[in-house]
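Take a look at the structure below.
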């Protein structure tokens with residue numbers, strides 16, 4: 001061969017290898033894709049933990065479908081064998097869907113599938129083609145249920161075991177494929193096969209391999225026919241039942257491996273055809289169903305059971321858990337067992353009886369605690385009831401506080417009610433929150449509940465609508481609101497009450513408690529500043545409404561006329577729990593119902609005063625001691641009031657004596673501090689030798705004025721006015737002074753005193769004239 005030929009040969013060889021690889025990948029991929037869809041209602045069972053795989057078989061798990069893929073393109077013989085041997089003294093049920101190919105299509109279909117019971121090693125592979133993946137000299141004694149889809153005559157069978165179909169008729173479809181048959185065959189210890197024991201044969205228009213999934217139920221009941229046994233096979237809607245003891249066809253019936261086998265050949269279309277099964281049920285041994293219920297008969301999930309052998313406590317089933325239907329199932333070979341409930345469903349207690357003695361007999365019968373139990377559909381059911389565990393519910397009541405402080409709220413009364421069958425709620429408990437803000441209730445059983453706050457603590461906003469929640473059969477509280485939580489096993493509602501707003505009443509009085517009008521107050525607080533009165537009203541009570549928790553300052557912007565204002569503002573704090581702090585006396589009262597909470601502050605103002613004192617002096621300014629004065633004030637007031645003018649002692653409703661003062665040796669006397677108003681001053685006793693004035697003085701006191709002269713005006717009154725007050729200087733200080741006139745005294749009539757006075761006067765006049773004349777004469781002489 002020349003070099004070009006060698007190169008072309010190499011290229012063709014590589015291309016051929018690549019073609020084989022590509023076809024192999026495509027065939028493997030098609031091995032899954034070429035299976036038709038399962039019927040929608042089929043629920044497949046994953047048996048991957050129960051079987052070992054040999055030959056060309058594969059397990060696929062696609063979209064919840066668990067497929068035992070036995071043969072396919074380039075896969076000519078496969079098997080899956082049980083990992084654990086079974087005892088044929090116990091029953092079994094195998095329910096599966098088989099896909100055997102499509103005999104209506106042109107091209108040779110595969111050879112078929114078997115369900116085989118055998119002794120021997122855990123893994124075993126039989127021959128391809130007529131061997132169905134199981135037949136061969138090494139098979140030994142076995143019992144085989146075959147689904148044969150290819151007719152093997154004498155010439156193309158394995159002659160050493162005679163696995164052909166020469167004892168049957170070769171019937172074909174219009175496409176030339178064998179119609180197929182379903183039959184039992186047995187194998188002796190040399191692998192030599194018996195003739196077919198026919199169950200069913202396909203028809204030309206209805207072959208065994210019809211291109212769809214065929215439902216197969218294969219059942220063995222060792223107790224049937226008085227212990228002889230019974231085999232039944234259901235194919236679609238047809239059931240075939242035989243009185244037959246398959247235990248005779250295996251060497252050791254107590255240690256038997258079961259398996260699914262199949263074969264095809266490269267002569268089939270696409271170098272082999274797809275065959276496979278999907279299991280929907282596997283039952284080996286007697287099935288024990290454990291039904292877990294509550295006292296109401298409702299199923300309970302989550303109960304955990306263990307099953308051990310009675311003789312050596314070897315675990316047979318651990319952590320057998322009931323499902324949502326309350327069911328847990330166990331397949332038990334014949335023998336003695338102990339069933340124990342180790343964990344109760346959530347919300348329930350373990351039953352008083354926690355374990356049961358089981359005896360499983362060959363032939364699908366069970367005694368529980370020595371008493372036979374009836375079987376139904378090859379199963380025995382044990383119902384176990386758990387008592388519901390009452391649930392503790394904690395209510396935490398606290399104050400709604402924007403600062404996120406957790407302030408407990410005592411005194412809230414809650415009522416718990418449970419819904420009856422008629423839909424009405426029946427009260428089952430009522431209690432009050434303690435000093436920690438907590439109260440507890442017990443929920444006796446599952447149902448619908450209503451939690452209602454029937455009495456809110458004084459000072460707080462009434463609670464909203466009742467809380468409706470449910471308690472399910474597992475002790476779980478179903479509630480969609482944010483108020484409920486479960487932490488560390490504590491089920492709790494955290495509920496809040498908001499403090500009602502306060503109305504503050506400020507009362508303005510004098511030191512004697514008399515109401516005062518004319519002040520202006522300002523209250524500042526959280527996002528507020530209110531001044532009252534808003535207009536020129538004369539108020540003695542000031543009401544500030546809608547005060548939420550926070551810190552406030554009450555200031556007296558201006559006091560009533562004639563009164564001294566507050567030295568400093570009044571501050572107070574309203575806490576979210578309704579308590580009020582203040583350095584001043586602030587009265588608070590928490591109210592029930594819709595009425596707002598109350599605050600009260602009494603603001604007391606002292607009157608402004610003007611000191612009234614003066615010096616009693618002579619006209620020349622000398623002090624006069626012993627002058628007595630009486631000060632009167634009026635018990636009536638008002639802008640329209642007119643004082644009485646008669647003597648004070650005679651006017652009961654007007655001028656009344658207030659104070660009496662007598663001038664000291666330095667002439668000083670004082671009436672202390674006088675408040676705003678009008679007063680009457682009268683000198684009631686003059687010093688010896690001095691005139692007592694007949695009039696009186698009206699004092700008008702105005703402490704609010706800026707200067708002393710403006711703060712006090714003094715006006716003389718009477719038919720004969722008294723001396724006037726004047727301001728003088730006393731050691732550098734301006735003081736008020738009041739003079740007194742000396743008393744004028746004339747001589748008595750008929751005495752010599754007057755004559756003497758006249759004589760003295762004449763002598764004085766004469767002397768004066770002589771003196772004047774002398775002065776004049778001297779002046780003239782000097783002029784000369």
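Numbering (full-length UniProt numbering), first residue to last: 1 to 784. C-beta atoms are modelled at their ideal positions from N, C-alpha and C, and glycine is treated no differently. Values in this document were obtained by computation on a predicted structure and should not be read as measured data.
Length of the line joining the Cα atoms of residue 506 and residue 497 = By 1-based counting over the chain shown, the position of residue 506 is 506. By 1-based counting over the chain shown, the position of residue 497 is 497. Spanning the two alpha carbons is a distance of roughly 28 Å.
CB of residue 347 within 8 Å of CB of residue 389, strictly = The count along the chain shown starts at 1 and reaches residue 347 at position 347. The count along the chain shown starts at 1 and reaches residue 389 at position 389. Taking C-beta atoms as the reference points, residue 347 and residue 389 count as a pair closer than 8 Å.
In whole angstroms, what separates the C-alpha of residue 600 from that of residue 568?
-> Counting from one through the chain shown, the residue named residue 600 turns up at place 600. Counting from one through the chain shown, the residue named residue 568 turns up at place 568. One C-alpha to the other measures close to 18 Å.
Residue burial classification, residue 31 (beta-carbon count within 10 angstroms, cutoff 16) = Reading the chain shown from its first residue, position 31 is the one you call residue 31. Caution is warranted here: a pLDDT of 39 is assigned to residue 31, below 50, making its placement in the model unreliable, and no coordinate value can be reported.
Short Cβ contact (8 Å threshold) for residue 351 with residue 385 | What you label residue 351 is simply residue 351 of the chain shown in a count that begins at 1. What you label residue 385 is simply residue 385 of the chain shown in a count that begins at 1. Yes, these two residues count as a Cβ contact at 8 Å.
In the DSSP assignment, find the alpha helix (DSSP H) that holds residue 214 and state where it starts and stops.
-> For the purposes of this step, residue 214 is taken as residue 214 along the chain shown, with counting starting at 1. Unbroken run through residue 214 is the beta strand (DSSP E), 213-221; no alpha helix (DSSP H).
Does the separation of the CB atoms of residue 623 and residue 617 fall below 8 Å?
-> As a working note, residue 623 is residue 623 in the chain shown. As a working note, residue 617 is residue 617 in the chain shown. Result yes, Cβ atoms of residue 623 and residue 617 sit closer than 8 Å.
Residue of 685, 345 and 625 minimising C-alpha distance to residue 668 | Numbered from 1 along the chain shown, position 668 holds the residue referred to as residue 668. Measuring from the Cα of residue 668, the nearest candidate turns out to be 625.
Residue range of the alpha helix (DSSP H) that residue 710 falls in?
-> Against the chain shown, residue 710 aligns to sequence position 710. It spans 708-711 - the alpha helix (DSSP H) in which residue 710 sits, taken as one unbroken run.
Given 8 Å as the limit, is there contact between the segment 440-460 and the segment 410-428, that is, 3 or more CB pairs closer than that?
-> yes
Counted within 10 angstroms of its Cβ, other Cβ atoms place residue 663 as buried (16 or more) or exposed | The count along the chain shown starts at 1 and reaches residue 663 at position 663. Answer is buried; the Cβ neighbour count reaches 16.
The beta strand (DSSP E) with residue 628 in it runs from where to where?
-> As a first step, residue 628 must be located in the chain shown, where it is residue number 628. Where residue 628 is concerned, the enclosing beta strand (DSSP E) stretches over 628-634.
Hey, is the segment 316-323 in contact with the segment 356-372, meaning 3+ C-beta pairs nearer than 8 Å?
-> no
If you check the beta carbons only, do residue 788 and residue 696 fall under 8 Å apart?
-> Since the first and last residues shown for the chain are 1 and 784, residue 788 lies out of range.
Uninterrupted beta strand (DSSP E) stretches inside the UniProt domain "SpaA-like prealbumin fold" (287-360) (no shorter than 3 residues) | 304-309, 315-321, 327-332 and 335-343
So, residue 393 versus residue 437, is the Cβ gap smaller than 8 Å?
-> Walking along the chain shown from the start, residue 393 turns up at place 393. Walking along the chain shown from the start, residue 437 turns up at place 437. No, the Cβ-Cβ distance between residue 393 and residue 437 is not below 8 Å.
Please go through the same chain and pick out, in chain order, the residues whose beta-carbon is closer than 7 Å to the beta-carbon of residue 23, but skip the five residues on each side of it.
-> Counting from 1 along the chain shown, the entry for residue 23 is found at position 23. Only weak support exists for where residue 23 lies, its pLDDT of 31 falling under 50; the value from the coordinates is given anyway. Counting only Cβ-Cβ distances below 7 Å, and skipping sequence neighbours, we find nothing.
Roughly how many angstroms lie between the CA atoms of residue 666 and residue 715, to the nearest whole one?
-> Against the chain shown, residue 666 aligns to sequence position 666. Against the chain shown, residue 715 aligns to sequence position 715. Taking the straight line from one Cα to the other gives about 25 Å.
For residue 413, collect the residues of the same chain with a Cβ closer than 6 Å to its Cβ; drop the 5 residues on either side in sequence, then sort them by chain order.
-> Locating residue 413 in the chain shown gives position 413, counting from the first residue. The answer, listed in chain order, is 432, 454 and 455.
Can you name the start and end residues of the beta strand (DSSP E) that residue 187 belongs to?
-> Residue 187 sits at position 187 when you count from the first residue of the chain shown. 181-187 is the span of the beta strand (DSSP E), which, as asked, contains residue 187.
Opposite residue 201 in the DSSP bridges: which residues?
-> Residue mapping note: residue 201 aligns to position 201 of the chain shown, counting from 1. The partner list for residue 201 (beta bridge, DSSP) reads 181.
Looking at the structure shown, is residue 29 part of a helix, part of a strand, or coil, going by DSSP?
-> Counting from 1 along the chain shown, the entry for residue 29 is found at position 29. Confidence at residue 29 is low in this model, with a pLDDT of 32, below 50, so the placement of that residue is unreliable and no value is reported for it.
What is the C-beta distance between residue 285 and residue 331, in whole angstroms, given that I count them as a contact (C-beta under 8 Å)?
-> On the chain shown, position 285 is the one that residue 285 refers to. On the chain shown, position 331 is the one that residue 331 refers to. Contact holds; Cβ gap of about 4 Å.
Contact set for residue 28: own chain, Cβ-Cβ below 7 Å, skip 5 residues either direction = Residue mapping note: residue 28 aligns to position 28 of the chain shown, counting from 1. Note that residue 28 has pLDDT 33, beneath the 50 cutoff, so the model's placement of it is unreliable and no number is given.
Distance between residue 63 and residue 482 (C-alpha atoms, nearest Å) = Along the chain shown, one-based indexing puts residue 482 at 482. Along the chain shown, one-based indexing puts residue 63 at 63. Residue 63 has its alpha-carbon roughly 38 Å from the corresponding atom of residue 482.
Using only alpha-carbon positions, find the residue among 586, 279, 424 and 656 that is nearest to residue 43.
-> Working through the chain shown from its first residue, we reach residue 43 at position 43. Considering only alpha carbons, the answer is 279.
Closest by C-alpha distance to residue 100, when choosing among 273, 343 and 493 = Translated into positions along the chain shown, residue 100 becomes position 100. It is 273.
According to DSSP, what are the bridge partners of residue 613?
-> Counting from 1 along the chain shown, the entry for residue 613 is found at position 613. Looking at the DSSP assignment, residue 613 forms a beta bridge with 670.
Please determine, among 559, 598 and 718, the residue with the shortest C-alpha to C-alpha distance to residue 538.
-> Residue 538 sits at position 538 when you count from the first residue of the chain shown. When each option's Cα is compared against that of residue 538, the closest is 559.
Residue environment, residue 49, which counts as buried when at least 16 other CB atoms sit within 10 Å = Taking the chain shown and counting its residues from 1, one reaches residue 49 at position 49. Residue 49 should be labelled exposed.
Taking the alpha carbon of residue 471 as the point to measure from, which residue in 152, 451, 459 and 701 has its own alpha carbon closest?
-> On the chain shown, position 471 is the one that residue 471 refers to. It is 451.
Ignore the nearest five residues each way along the sequence and tell me which others in residue 685's own chain have a CB closer than 6 Å to its CB.
-> Here residue 685 corresponds to residue number 685 of the chain shown, with the count starting at 1. Correct list, in chain order: 628.
Between the Cα of residue 504 and the Cα atoms of 522, 128 and 594, which residue gives the shortest distance?
-> Locating residue 504 in the chain shown gives position 504, where the first residue counts as 1. Out of 522, 128 and 594, 522 has the C-alpha closest to the C-alpha of residue 504.
Kindly list the residues whose CB is nearer than 6 Å to the CB of residue 587, restricted to its own chain and excluding five residues on each side of it in sequence; keep chain order.
-> One-based indexing of the chain shown puts residue 587 at position 587. Excluding sequence neighbours, residue 587 sits near 600.
Can you tell me whether DSSP reads residue 246 as helix, strand or coil?
-> Working through the chain shown from its first residue, we reach residue 246 at position 246. Residue 246 falls in the helix class under three-state DSSP.
Among 53, 743 and 615, which residue has its Cα nearest to the Cα of residue 731?
-> Here residue 731 corresponds to residue number 731 of the chain shown, with the count starting at 1. It is 615.
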